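First comes the structure, then the notes that go with it.
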């Protein structure tokens, strides 16, 4: 549902919609990662370079931080909706940017560069890495597309066209 009372009000909230979605997207993908890969499949912990106890503690810290991002995104969303500045397409773009960006950061920085954990500890981990990072890139590209399409510049151009 898109709530747009007037052009000026929406323009004020363009960046807030993106930020709210971005924070929620980080929290959402972190929650999915934590729940599926850390807890249900038990493929890895957030930090695997120590004992299992340290791995579980790192998972708890990771979960808490991702929960804060989710809550912050939802508080921003509630404020935007209360002030009639919610723009669904912009918010979804931000959510996909946050989700894809976090997943790509996790796959490249944490898995490959820092090596604090892998997706799964198997001989042919490259298959998992490719799937993880390609999916992240697709999500990120869709989010970027939506963010650009709903940018302040495009909003102004659309308003100018409609005024003629």
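Residue numbers (our numbering): 485 to 648. Idealized CB from N, CA, C, for every residue including glycine. Note that the structure is predicted; figures quoted are calculated from it, not measured.
Own chain partners of residue i with C-beta closer than 6 Å, once the 5 adjacent residues on each side are dropped
{"i": "residue 497", "result": "564, 569"}
{"i": "residue 623", "result": "580, 583, 584"}
{"i": "residue 578", "result": "502, 505, 506"}
{"i": "residue 604", "result": "527, 612"}
{"i": "residue 513", "result": "583, 586, 587"}
Whole-angstrom distance between residue j and residue i, CA atom to CA atom
{"i": "residue 627", "j": "residue 580", "result": "5 Å"}
{"i": "residue 526", "j": "residue 611", "result": "18 Å"}
{"i": "residue 629", "j": "residue 636", "result": "14 Å"}
{"i": "residue 534", "j": "residue 575", "result": "38 Å"}
{"i": "residue 561", "j": "residue 530", "result": "28 Å"}
{"i": "residue 598", "j": "residue 609", "result": "16 Å"}
{"i": "residue 517", "j": "residue 558", "result": "19 Å"}
For residue i, the three-state DSSP class (helix, strand or coil)
{"i": "residue 591", "result": "helix"}
{"i": "residue 535", "result": "coil"}
{"i": "residue 555", "result": "helix"}
{"i": "residue 608", "result": "coil"}
{"i": "residue 522", "result": "helix"}
{"i": "residue 547", "result": "helix"}
{"i": "residue 515", "result": "helix"}
{"i": "residue 579", "result": "helix"}
{"i": "residue 565", "result": "helix"}
{"i": "residue 503", "result": "helix"}
Cutoff 7 Å; reference residue i; Cβ partners in own chain excluding five residues on either side
{"i": "residue 620", "result": "584, 587, 588, 591"}
{"i": "residue 532", "result": "539, 600, 601"}
Assigned exposure category for residue i - 16 Cβ within 10 Å defines buried
{"i": "residue 571", "result": "buried"}
{"i": "residue 500", "result": "buried"}
{"i": "residue 544", "result": "exposed"}
CB contact check: residue i to chain C, cutoff 7 Å
{"i": "residue 621", "result": "Of the chains in the structure shown, none is chain C; there is only one protein chain."}
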